[in-house]
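**Student:** Sequential numbering of the sequence shown, starting at 1, is according to the working numbering. Every residue, glycine too, gets a C-beta built ideally from N, C-alpha and C. This structure is a prediction, so every number in the text was calculated from the model and none was measured. Sharing a structure, written as structure tokens. Questions coming.
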Amino acid sequence: MNLRHPQTGVRKVNGRSYRVSDYADGAVEARSKLLIGVIVALLFGICPTVSSAQSQVAEYRLKAAFLFHFAQFVEWPPENAGGPFVICIMGEDPFHGDLEEAVQGKSIATRVVWIRHIKQLREGQGCHVLFIDKDQSKNVSAGMSGLRQLPVLTVGESGDFLEQGGIIRMFVEDRKIRFEINQGAAETANLKISSRLLLLATGVVGGNRR
């Protein structure tokens, strides 16, 4: 198990290691503007554009910000309220450290946010949010059934992620980050998704929309 607090994380650039606090102020300011943009996007339905000239790195910076803010629109059961708030990444890290930067110094419902890296779905039982990228989609079907009744917000990218039992699917459409929600899967996991997030989703399947 790899559990890291984002404020003490270390990132390698061109063979050299840097602590998060060592990054230039300009980079921190850029991340702050990005997070503000995503908050506006989620509240008002305005999705930041992913330029075709931008790299995959830029896409995942946006997705990292969305992932953090999804958690602010979801209510976990009371018995799941103790300790840190854990966001897990399954497999290789497509964010390359940007998720740690996105949540640096942040909290969710007064709970400090931790980032955890796992290799298999069965390790996700202690996660609040579990991100599964498209490269891991072939490993989802067999293990998803073990998580369906646990309060874990599963977020993925594969085209059939919701059909496999996932809760939120993120994708790029018309150069914008979009998402759709399987509310039935959320209800099975005993998670309450805000009506605001449901209204901003491209599509909602299953469950009882409020």
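1) If I measure Cβ to Cβ from G143 and keep anything under 7 Å in the same chain, skipping five residues before and after, which residues do I get?
2) Could you check the C-alpha separation between F73 and G126 for me, to the nearest Å?
3) State the DSSP-derived secondary structure class of V155, mapped to helix, strand or coil.
4) Would you kindly check if the distance between the Cβ of P78 and the Cβ of D133 is under 8 Å?
5) Start and end of the beta strand (DSSP E) containing E180?
6) How would you write the range of the beta strand (DSSP E) that L130 sits in, first residue to last?
7) Given that a residue counts as buried once 16 or more other Cβ atoms are within 10 Å of its Cβ, and exposed if not, what is A109?
8) Cα-Cα, which of A64, I168, R61, V113 is closest to T154?
9) How far does the alpha helix (DSSP H) with E100 in it reach, from first residue to last?
**Tutor:** Let me lay it out:
1) Counting from 1 along the sequence shown, the entry for residue 143 is found at position 143. Result list for G143: Q120, L121, R122, in chain order.
2) Within the sequence shown, residue 73 is the residue found at index 73, counting from 1. Within the sequence shown, residue 126 is the residue found at index 126, counting from 1. Approximately 20 Å between the Cα atoms of the pair.
3) Taking the sequence shown and counting its residues from 1, one reaches residue 155 at position 155. Strand.
4) Within the sequence shown, the letter at position 133 stands for residue 133. Within the sequence shown, the letter at position 78 stands for residue 78. Cβ distance not < 8 Å, so D133 and P78 don't count as in contact.
5) Locating residue 180 in the sequence shown gives position 180, counting from the first residue. Unbroken beta strand (DSSP E) run through E180: 176-182.
6) Along the sequence shown, one-based indexing puts residue 130 at 130. Counting along the chain, the beta strand (DSSP E) containing L130 begins and ends at 129-132.
7) Here the question's residue 109 lines up with position 109 in the sequence shown. By the 10 Å Cβ count, A109 comes out exposed.
8) The sequence position of residue 154 within the sequence shown is 154, counting from 1. Selected option, being the one with the closest Cα: I168.
9) Locating residue 100 in the sequence shown gives position 100, counting from the first residue. Element bounds for E100: 98-103.
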